[in-house]
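Going by the UniProt record's numbering, the sequence shown opens with residue 1, and the numbers climb by one from there.
What follows is a short report on a single structure.
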Amino acid sequence: MTNQKYFILIAVVLLMGSCKRFLDVKPKGKLIPSSVTDYDHLLDNTGTVEFNFLDGNRGSLLSYLGDNLEMTEGQAKVGFVLNGHPNRERYFAHIFRQPYKNPNVDDQFWSSGSMGIYQQISYFNNVIEGIRGISQKTAEEEKLGRISVAQALVARAWCYFNANMIYGPVYKPGTENGAKTIPYVVDVDINKPIPDLSSSEEVASRVLGELHVALPDLPARSSWPSRAEKATGHAMLAYYHLFTQRFDSVAYYANLAWTAADGPDRVLYDFNKFKLADPSRPTTSLILSSQDGNTNLVNSREILFYRVSETGAGQGVALSYPSSELIALYDQVTDLRFNFFYINAPGYKTTVGGGYDDGMRIGNYRAQKTQLTDGFSWPEVLLMRAEGYARTNRPDLALEDLNTLRRYRYKTGTPALTGGTPDEVIQWVLEERRRELPIGGVKRFLDLKRFTLDKGKPWSKLQITHSIGGQTYKGTIDSKDFILPISNVVLRFNPNWGIPLETRPF
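In structure tokens:
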């Protein structure tokens, strides 16, 4: 047993495994890559998009740390504890009881079997190093190779950027950011030692550098939303600068990305044209649209960069509901997202533990009806540009973008937003961002961390408070409450990192 096992760096094992059918693309089966085309096919493997910061049941404790979800006593005591839920870490995160995860088993966010970001990164490293290592290429292979390497670089940067913020503290521009977070693995040679932990600043700098290296070779349009295109690179750079607070760069790169959309009708669905296929089954009925039939597919017009997102957050049977704070953000009369996706349905009910019945509860069923992504959607691109404008004293442009999205989300005739102080405009944009993005997964979790830098602003929180059965639990965002530790499984094989093992009981 070596530390390489826990890093998913055994390239031969990975590459001899069968590539599964993925997103209607048919990659090769059992494959030991030797050509540019072989390596390019690795980018179509389902392992490149699945289980990024998700557990084995496609949920995420990150969702339960934030302010978009709430949990009832029955869900907590019976659903998670008495029933022995396999992902109790979600409940432990919700009550800020550390350690959230069992420290002595593989971390499914990190690497566990076919799961985790280092599993994904192993594919990208093999594509990058494999293609670069082929000395003789035809002109066609050279072109394909540059595109494939660029797409792998962006995908790897996405993994490392998010992991840096999840396994590390709040990134604070203008400071040292010297906390050690994750190892930046780029090599496929299993005989080389695992690198030391990089600091938060080192990861951020390498991510930025690799994005700029990739950008010139990204295609104008990708073959599938699992692969990066030019607009994806620009969106990733805009997202990066949200966290460095370079809001002029946010506006600049988001503008480049949005310009590639060729108009909102190509990348946004008009929710005024939506209807339920079967109104008698509101929680399970798919959305029908006259615009196309792809609203619930990966190639939805609104998906720019696809990464699997949590699907059960906010549904009673999945042991959570949308928080009352989140529900209060919606205009329940004019906002069509609330009309279609927030459905009053029977909540959690059980006879175990003395019996619990939540009655009728509002649940969020958007992930059951439309395709979501933890990568980038076109609405997020537009909202990033709006935030960049709002934070650089261009409120008129910010409102223009905000109202563009609202025309596709609110009932026809809903008045546009006008006026507002600079802070009000920023808050309007951020509230729309919260309504628009998935309520589970990484997005809100990371937003809460970056918003701590706006201390004193109405959208900034220093603590999150959860209540279950009359008991209150508080977590501090800029603290270990919002930092995931590295599993003992990894630490035992990397004592040189100097991180003590977690000895608290799980």
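Beta carbons: idealized from backbone N, C-alpha and C, even for Gly.
Residue i, buried or exposed, once every other Cβ within 10 Å from all chains shown has been counted against 16
{"i": "Pro-183", "result": "buried"}
{"i": "Gln-119", "result": "buried"}
{"i": "residue 509", "result": "An answer regarding residue 509 cannot be provided, because it is not within the stretch 1 to 506 covered by the chain."}
{"i": "Pro-395", "result": "buried"}
{"i": "Asn-52", "result": "buried"}
{"i": "Met-360", "result": "exposed"}
{"i": "Met-16", "result": "Bear in mind that a pLDDT of 32 at Met-16, under 50, signals an unreliable position, so the model cannot answer this."}
{"i": "residue 507", "result": "Shown here, the chain extends from 1 to 506; a query on residue 507 therefore has no answer."}
{"i": "Lys-230", "result": "buried"}
{"i": "Glu-432", "result": "buried"}
{"i": "Gly-475", "result": "buried"}
{"i": "Pro-500", "result": "exposed"}
{"i": "Lys-411", "result": "exposed"}
Reduced DSSP category for residue i - H, G, I as helix; E, B as strand; rest coil
{"i": "Phe-274", "result": "strand"}
{"i": "Asn-364", "result": "strand"}
{"i": "Pro-264", "result": "helix"}
{"i": "Leu-297", "result": "coil"}
{"i": "Glu-310", "result": "coil"}
{"i": "Leu-62", "result": "helix"}
{"i": "Leu-197", "result": "strand"}
{"i": "Asn-70", "result": "For the record, residue 70 in the displayed sequence is Glu; it is not Asn. Strand at Glu-70."}
{"i": "Lys-443", "result": "helix"}
{"i": "Phe-239", "result": "Here residue 239 is Tyr; the residue named in the question, Phe, does not match the sequence. In the structure shown, Tyr-239 sits in a helix (DSSP, three-state: H, G or I)."}
{"i": "Lys-349", "result": "strand"}
{"i": "Asp-374", "result": "coil"}
{"i": "Tyr-408", "result": "helix"}
{"i": "Asp-401", "result": "helix"}
{"i": "Tyr-91", "result": "helix"}
{"i": "Asp-331", "result": "coil"}
{"i": "Asp-396", "result": "helix"}
{"i": "Asp-357", "result": "strand"}
The beta strand (DSSP E) enclosing residue i, as first and last residue numbers
{"i": "residue 578", "result": "Outside the shown range of the chain (1 to 506) lies residue 578, about which nothing can therefore be said."}
{"i": "Gln-120", "result": "Run containing Gln-120: none in the beta strand (DSSP E); it sits in the alpha helix (DSSP H), 117-132."}
{"i": "Thr-181", "result": "180-183"}
{"i": "Ala-345", "result": "342-346"}
{"i": "Thr-476", "result": "471-476"}
{"i": "Ser-289", "result": "287-289"}
{"i": "Ile-303", "result": "303-305"}
Range covered by the alpha helix (DSSP H) that runs through residue i
{"i": "Ala-204", "result": "200-214"}
{"i": "Gly-388", "result": "378-391"}
{"i": "Ser-249", "result": "247-259"}
{"i": "Ser-324", "result": "324-328"}
{"i": "Gln-463", "result": "Not the alpha helix (DSSP H): Gln-463 falls in the beta strand (DSSP E), residues 463-468."}
{"i": "Asp-38", "result": "36-42"}
{"i": "Tyr-269", "result": "Here Tyr-269 belongs to no alpha helix (DSSP H), and DSSP marks it neither H nor E."}
{"i": "Asn-488", "result": "488-491"}
{"i": "Pro-169", "result": "That residue, Pro-169, is in no alpha helix (DSSP H); it is neither H nor E in DSSP."}
{"i": "Val-425", "result": "422-436"}
Distance between beta carbons of residue j and residue i, contact taken as under 8 Å
{"i": "Phe-506", "j": "Pro-86", "result": "That pair is no contact at about 13 Å."}
{"i": "Leu-42", "j": "Asn-126", "result": "6 Å"}
{"i": "Leu-237", "j": "Leu-211", "result": "6 Å"}
{"i": "Gly-168", "j": "Ser-205", "result": "Going by Cβ atoms, the distance from Gly-168 to Ser-205 rounds to 14 Å, so no, they are not a contact pair."}
Sequence-distant residues of its chain with Cβ nearer than 6 Å to residue i (five each side left out)
{"i": "Thr-503", "result": "none"}
{"i": "Gly-316", "result": "Gly-347, Tyr-348, Arg-361 and Gly-363"}
{"i": "Lys-443", "result": "Leu-437"}
Contacting residues, own chain, Cβ-Cβ under 8 Å from residue i (five flanking each side not counted)
{"i": "Asn-83", "result": "Val-352"}
{"i": "Ile-287", "result": "Phe-274, Lys-275, Leu-276, Ala-277, Thr-295, Asn-296, Phe-340, Lys-369 and Thr-370"}
{"i": "Glu-202", "result": "Tyr-184"}
{"i": "Gln-291", "result": "Tyr-269, Asp-270, Lys-273 and Arg-301"}
Same chain, Cβ closer than 7 Å to residue i, five either side skipped, listed in chain order
{"i": "Ser-429", "result": "As written in the sequence, residue 429 is Val, which differs from the Ser given in the question. The residues are Leu-383, Ala-386, Glu-387, Ala-390, Ala-398 and Leu-402."}
{"i": "Phe-451", "result": "Trp-459, Ser-460 and Lys-461"}
{"i": "Ala-152", "result": "Leu-43, Phe-124, Val-127 and Ile-128"}
{"i": "Pro-173", "result": "Thr-244 and Gln-245"}
{"i": "Asp-358", "result": "Thr-72, Gly-74, Gly-316, Gly-347, Tyr-348 and Lys-349"}
{"i": "Asp-24", "result": "Residue placement at Asp-24 is poorly supported in this model, since its pLDDT is 30, which falls under 50; the coordinates still yield a value, given next. No residues qualify anywhere along the chain."}
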